[in-house]
Structures are given as structure tokens and as C-alpha cells.
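J.: One structure coming up, written as C-alpha cells, with questions to follow.
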Amino acid sequence: MMVPISWYLIFAAALFSIGLFGVLSRKNAIAILMSIELMLNAVNINLVAFWRYSYSLEISGQAFAVMVFAVAAAEVAVGLAIFISVYRRRGTISADEIDLLKW
Amino acid sequence: MTFEQLLFILIAAGTLGAALLVVTTRNLIHAALWLIATLFGVAILFVFLNAGFLGVVQVVIYIGAIAILMIFAIMLTRQVADTKGPRFNENWLWALFISLVFFAAIAYILSLLPEFEGTKPILSSEIDPIKQLGVALVSPDSYLLAFELASVLLLAALIGAVIIAWEQR
Amino acid sequence: MTDPITWIANWLEKILEGIGLPSGIVILILTILGVLIVVIFVLVMDIFLVWMERKVVARFQDRLGPNRVGPYGLIQPIADVIKLLIKEDTTPKGADVLVYNLAPVIALASVLVIWAVIPFAPTLVGAEINIGILFIVAFGGIGTLAIIMAGWSSNNKYALIGAFRTVAQVVSYEIPMVIALLIPVILARTMSIQGIVESQELWNIVIAPLAAAILLISSIAEIGRTPFDLLEAESEIVAGFHIEYSGMKFGLFYAGELLHALTIGALFSTLFLGGWRGPFVEQVPVLGVIYLFIKAFLVYFLIMWIRYTLPRIRIDHMLNFNWKFLTPLALIMLMVTAIMDKLLSNYSKISYAIVMLAVNIIIIWAVLLVLKSYSSFERQQVGVLRPTANPDAVLSHIVKETSPAQEATES
Chain A
503 MMVPISWYLI FAAALFSIGL FGVLSRKNAI AILMSIELML NAVNINLVAF WRYSYSLEIS
563 GQAFAVMVFA VAAAEVAVGL AIFISVYRRR GTISADEIDL LKW
Chain B
16 MTFEQLLFIL IAAGTLGAAL LVVTTRNLIH AALWLIATLF GVAILFVFLN AGFLGVVQVV
76 IYIGAIAILM IFAIMLTRQV ADTKGPRFNE NWLWALFISL VFFAAIAYIL SLLPEFEGTK
136 PILSSEIDPI KQLGVALVSP DSYLLAFELA SVLLLAALIG AVIIAWEQR
Chain C
799 MTDPITWIAN WLEKILEGIG LPSGIVILIL TILGVLIVVI FVLVMDIFLV WMERKVVARF
859 QDRLGPNRVG PYGLIQPIAD VIKLLIKEDT TPKGADVLVY NLAPVIALAS VLVIWAVIPF
919 APTLVGAEIN IGILFIVAFG GIGTLAIIMA GWSSNNKYAL IGAFRTVAQV VSYEIPMVIA
979 LLIPVILART MSIQGIVESQ ELWNIVIAPL AAAILLISSI AEIGRTPFDL LEAESEIVAG
1039 FHIEYSGMKF GLFYAGELLH ALTIGALFST LFLGGWRGPF VEQVPVLGVI YLFIKAFLVY
1099 FLIMWIRYTL PRIRIDHMLN FNWKFLTPLA LIMLMVTAIM DKLLSNYSKI SYAIVMLAVN
1159 IIIIWAVLLV LKSYSSFERQ QVGVLRPTAN PDAVLSHIVK ETSPAQEATE S
């Protein structure tokens, strides 16, 4: 018996939930960004699993996954630039200490 | 239990274990290294799904660029109190509850899908997924517009990141 | 019996199936055996490389090299290995032990993996995947990771700075390397390396010499050899990211660097020099292995020649060279190759080759003209008087009363 699609989908859901837990509970901003990467990877697994297990000849699943790669890369670059800039101004990168817009 | 199923369970369990360590490790560099292990596991799963191109692109982009960028950022923003202070904020029990409820809800909704227990169709050997992907990304009635917009997005991110992180003199 | 290796593989398969093992296990055992043979072969070649390196550097520097430990010094690498094995295995205080021990392993492993996709003969490939070039780019990136792990886990700020600089150089030079790797892909219409070798009835270096030059230069910068070895030379930043490593761990880094150079030689000869192609190779496929290694060692000798002849380049010159010269040139070559390939696709092979070679020569000539005008501009800039550091300018702020002689020179 081969691997049914349910295993891939449950795996992707579990990875997404772990990422969700990380985003909601970690203090360090870079750890939050890492958890967002976990969520994006779970989405990619979902897309490619559905592409593989459907009977159509379309390549939409993989094309969408490539777009998700590009968006994730752009988001990480800009996000880390913002974090470094905030660290230089405020001296901290803990998400619950950066809570004032301007003083 | 066939060989393929056993291998899938091993890889998936390893990846989920590494992901759990990412969100719970105190030392951030260790978290980044566990993230690299997770990304590698996801790349292996892409290869299982016959999307070899995406697996290799995952290694190139995520591990070769994004993970290294994160390690650099961690090293540049290191605080002395990093490995001593609490790693979770005070709402972590609520976060755990929400993510468990979310997982249960998603799993239930997915199990209602008609093709949930579906098996893999045999890929016919006359279509080559890489060639299909290449043609789809540059043909005007397919994903050409999305492709060009993604490249403009990456250009904007490049310029934006350089300007935001520029040191004011 | 012209194909001994395939014959041996089939014979082993029949024996194992005759015992009664299921076919999945048979394939697994044969695969593991193949992996072991390739890895052992490549690592033994690595030990031979140590000898070759020391003899060749000696001859370049007009001396003899090791010649005591065995005929022509051939046992010298074994002596080196024994020395490294019996050295004390230190770990710096405060180092992250797991990451510290894992870094040299990953550095060597990421080079060994590349040998899985290089075709040794028409019937001998480790893993025939149709995205071989991208696989090589991916595992080049993992080497970068090993460097950061080594630099950070040593708990030494100089190692960390050395690791930062190394990663900056390696990541910058990956870009012209990837673009230059795409040009044989355009010429062969496939990303699989066996396909690229099979399409090279005329060697690619004749059709795209500038792409070969760009690949060679950026690969030398990738592996960190002179003239780009600012990062690990002992007189710079105290030997860079592997300063805290001693004994066999340092041996793994060193062997990994030499093996990386041989891998670049094998890759270059596969993509541009025809790989396993040579006379009589279709009838006797084992000759393909010999041809490939002859070509790989020739390119390795070329890399060593460049190493022991040229001086080191400073890091800002290195990065300028990459971003302002190599990357635009590589992009121009990619566009020109793609356009010319499309325009000439209906012509015969000879006229195709001649026109591509002519276009390459025109571009090389144009580049040399641009470089000449830029260098004459630079030379004029050197002669221009620029404000230099003058101690009087500083002292006049500190010493309030100025002597009349100083007032005369200031006014």
C-alpha cells in the first residue's frame, strides 16, 4: 500500500500548528520569523501534495509553490533588515519590549 | 507496512521533532540549526512527491540563503541576556491551546475531503514536470504575469532591505 | 567483456537474488556498495592530491619537495595523516561542542556529495537526475553553512570575523558561478550532467570560452584558493575560521579544500572539456574514467599554477571585481549565448561553432578595451593630489597658541 494523501496533509497541518505556537509564544523577534518560515513550508508541502495526488495534468501546484518561495525570501530579507535597524535604535529585539511607536 | 511508508514516517517524525526543537530551544543559534534540519526534511518530502526540482530549489533558497541570513542576523543582534531570560512570553499556555485546537480543527475538516484516502496516481512518463513548469512560468496564458511580478517584488525587497539596514552617518 | 563494471553489478545482483532476498533489499545493498566504492575512490584520490600539491608547489618554487619518505616522497601523505591523527584533539573553552565537531564533517560531506552526479563513463553515473546542475549549486551552498558553524562555535572573535568574511566572499562569487553554469545548460538543452556530456561532440570550451573562464575564476574564489585566499592565509586574520581546530578536524578541513579543488576540476572538465569523451570510449566504457581523471587533473594543475604564481587580492578589490566586473559580464554572456543559440539553431554544427566562437572573441576584445580605458583612468586618479593626513591639522586644535613658523605654514 502506498502513502495516502492524508499522511502528507496531517503532517503539513502539524507543522503549521507548531509554527503557529512559535509565532504566538516566542519573545525573540527572529524566533518568530523562524516560526513563520515553518508555516510557509507547511503550506508548500500542502500545495505539492495536492498537485501530486490529483489526476489533472496542470502544473499549478508547483508554480504556486515557486511563488511562495519567492515571497518567503523577500519577506525574510526585509524582515531581518527591519530587525537589525530596530536593534540599533532600541538595543533590544524582544517582541514585548518594542511596544512604543515614538517617544 | 511497505518500505516507502516506513521511510515517510521516519522522515516526517524527524522533521516534526526538529520543528518542535526550533520553537522551544533557548539558544537561538541552535534553533537556527534545527530550522535547517527541518527545511532539509521538507526537501526530502518534496523528492518523495516527485517534485525533485522543488526539493533542490528548497535547499538552494531556504538553506543556502535564508537560513544563513537568519544566522547572520542572530549574530548581529545578540543580547547578553538571550540565553538566560525566559524564552516564552506570558501567554504561552494560550498559544499552546490555540495551536492544538487549530490542528484538531484542520485535521477534522481535511478528513471530510472526498479524496482524503486517495492513493498516488501513476505519473505518465511522457510529461516532464520540469519542462511543464518552465513552460508554465513563461507562457502568457499561464503564469507569466505572476513570474514577472515576483521578480519585481524581489527587486523591491532587495532595494528596501539595503535602505532600511543602511547605517546612518 | 568491454564493460566490466556493469557486468560485475549484474553478476552481484544475480547472486543476491539467488540467495532469496527481496528485490528492494538487493537494490539497497548494491546502492550502498556503489556509494562506498565511489567515496573510497575519491578519498584515496584526495590523499594522492596532498602529495601532488606539495611536489608541484616545490617545483614552482625551484626546490624538490618531499623526497625522503618513500620513492619520490609518495608515502609522505601517509606520514601527514598519521601526524594529524596522533595530535591532541583540543576543544576551546566555551565552544559549542556539537556544532564544533559537526562543522568539519559537513564541510567534507558537502564536497563528497557532488561526486554523486558526475558521470564517470557512458554507463557509470552515481545518480542520474535531470537537475544535476542545480544539485551542485545546492550543495555548494551547504559548504557555506559549515564555515559559519565552524567560525561561530569556536568562541573566538577572530574566527567569527574570518567566517563572516569567508561567507561574504563565497556567497558573492556564487552568483557568477551559477550564471556561468547555466551556459552549458543552454547549449545542451538539459540540466542533467550526463546529457550535457552526451551533447558535447564538439567540446563546449570551443563554443563558449568566456563562460569557461568565468566559471574557473568564480570557482577558484568559491573554494578559497589564491589569489582569493585572504580568508585563511596564516598572515591574515590569524588563519580565519579554522584557527581553533587541530588534529584530524583540521585535517578534514584541509582535505576538504583540496578535494573541492579536484571536484571543481572534474566539474569544469565535465561541462566544458567533454567529460568522459575520448577515443574508443563507446566500445570500452572504462576508458571514460581514465579520460575524465586526466582532464580533471589537468584543470587541477591549472588551478595550482594560478595559486603559486599570483599574489593575494585584498578583500575590497575582490568584492569589487565580483560585483562590478564578473556579474555583469556573466549576465551579458548568458543573454548573448541564449540569443545566438536561438538565431543559429537551424544552421549546421560547424557554422554554429564558428559563429559562437567569433561572438565570444568579439566580447572578449570589447571587455579588454573597457578594462584598458578603466585602468588608464585609475592611473590618472593615483596621480591626483588628494588631502592627506597632516599632523598640523590635528595639533592646531590641541595647542591653542601657535608658533609664528606654524602660522606662516598654515596661512
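Residue numbers (our numbering), protein chains in the order written: chain A, 503 to 605; chain B, 16 to 184; chain C, 799 to 1209.
We treat Cβ as the ideally placed atom computed from N, Cα and C, and that holds for glycine.
Remember, it's a predicted structure, so these values are computed and weren't measured experimentally.
1) Does A925 (chain C) come out as helix, strand or coil in the three-state DSSP assignment?
2) Of all the residues that make up the segment 59-81 of chain B, which are near chain C by a beta-carbon distance shorter than 8 Å?
3) Would a C-beta distance cut-off of 8 Å place W950 (chain C) and L958 (chain C) closer than the cut-off?
4) Name the chain C residues that come within less than 9 Å of M90 (chain B), Cβ to Cβ?
5) Using the beta-carbon count (16 or more within 10 Å), is N548 (chain A) buried or exposed?
6) Using 8 Å as the threshold, is the segment 1010-1029 of chain C in touch with the segment 1089-1109 of chain C, meaning 3 or more CB pairs across them?
7) Go ahead and label N530 (chain A) buried or exposed: buried means 16 or more other beta carbons lie within 10 angstroms of its beta carbon, across all protein chains shown.
8) So, is the C-beta of I584 (chain A) closer than 8 Å to a C-beta in chain B?
9) Please check the pair M975 (chain C) and I931 (chain C), which I expect to be a contact at CB under 8 Å, by giving their CB distance rounded to whole angstroms.
10) What does G1022 (chain C) touch in chain B if you count any residue whose Cβ is under 7 Å from its own?
11) Strictly under 8 Å for the Cβ-Cβ distance: is F118 (chain B) near chain A by that measure?
12) Going along the segment 164-176 of chain B in order, which residues come within less than 8 Å of chain C, judged by CB to CB distance?
13) Excluding the 5 residues preceding and the 5 following L159 (chain B) in the sequence, name in chain order all residues of the same chain whose CB lies nearer than 8 Å to its CB.
14) Anyone know if the C-beta pair for L164 (chain B) and F68 (chain B) falls short of 8 Å?
15) With P902 (chain C) as the anchor, note down where its alpha helix (DSSP H) starts and where it stops.
16) Figure out for me which residue from A:L535, A:P506, A:V525, A:A514 has the closest Cα to the Cα of F121 (chain B).
17) According to DSSP, which residues form a beta bridge with A986 (chain C)?
18) Take N1120 (chain C) as the anchor and find which of C:V968, C:L831, C:Q874 has the nearest alpha-carbon.
19) Report the neighbours of A936 (chain C) on chain B: residues whose CB is nearer than 7 Å to its CB, in chain order.
20) Measuring straight from C-alpha to C-alpha, what distance separates A80 (chain B) and N953 (chain C)?
21) Taking its Cβ as the centre, do 16 or more other Cβ atoms sit within 10 Å of R581 (chain A), making it buried, or is it exposed?
22) Taking only beta-carbon atoms, is R528 (chain A) less than 8 Å away from chain B?
23) Report yes if the CB atom of I512 (chain A) is closer than 8 Å to the CB atom of V525 (chain A), and no otherwise.
24) In this structure, does DSSP put F103 (chain B) in helix, strand or coil?
25) Answer with yes or no whether the minimum CB distance from I121 (chain B) to chain C is below 8 Å.
26) So, does the CB of L111 (chain B) fall closer than 8 Å to a CB anywhere in chain C?
27) Measure how close the beta-carbons of N979 (chain C) and L1013 (chain C) come, nearest whole angstrom, since I'm counting them as under 8 Å.
28) So, for T1135 (chain C): in the same chain, excluding its five sequence neighbours on each side, which residues have a beta-carbon less than 8 Å away from its beta-carbon?
29) How about I929 (chain C): is its C-beta nearer than 8 Å to some C-beta of chain B?
30) Buried or exposed: R554 (chain A), going by 16 or more other Cβ atoms within 10 Å of its Cβ?
31) In three-state terms, what does DSSP make of A1006 (chain C)?
32) At a Cβ threshold of 8 Å, is L36 (chain B) touching chain C?
33) At the 8 Å Cβ level, is L152 (chain B) part of the contact set with chain C, yes or no?
34) Check the C-beta distance from S457 (chain A) over to F23 (chain B) and give it rounded, since I have them as a contact under 8 Å.
35) The alpha helix (DSSP H) spanning I89 (chain B) covers which residue range?
36) Residues of chain A with CB closer than 8 Å to the CB of N106 (chain B), please, in chain order.
T.: From the atom records:
1) coil
2) G67, F68, V71, V72, V74, V75, I78, G79, A80
3) yes
4) I946, W950, L958, F962
5) buried
6) yes
7) buried
8) yes
9) In fact, because the Cβ distance is near 11 Å, the residues do not count as touching under 8 Å.
10) The premise fails here: G1022 (chain C) is roughly 16 Å from chain B at the closest Cβ pair, so nothing lies under 7 Å.
11) yes
12) none
13) L152, V153
14) no
15) 895-910
16) Before going further, note that residue 121 (chain B) is Ile rather than Phe in the sequence given. The option with the nearest alpha carbon to I121 (chain B) is A:A514.
17) Beta-bridge pairing links A986 (chain C) to no other residue.
18) C:V968
19) V71, V74, V75, G79
20) 24 Å
21) First, the residue type needs correcting, since residue 581 (chain A) is Gly and not Arg in the sequence shown. It counts as buried.
22) yes
23) no
24) strand
25) no
26) no
27) According to the sequence provided, residue 979 (chain C) is Leu. The question's Asn does not apply to it. That pair is a contact at about 7 Å.
28) I981, I984, L985, A1006, A1009, M1154
29) yes
30) buried
31) coil
32) no
33) no
34) Here chain A comprises residues numbered 503 to 605, so residue 457 (chain A) is not present and cannot be evaluated.
35) 83-91
36) L526, S527
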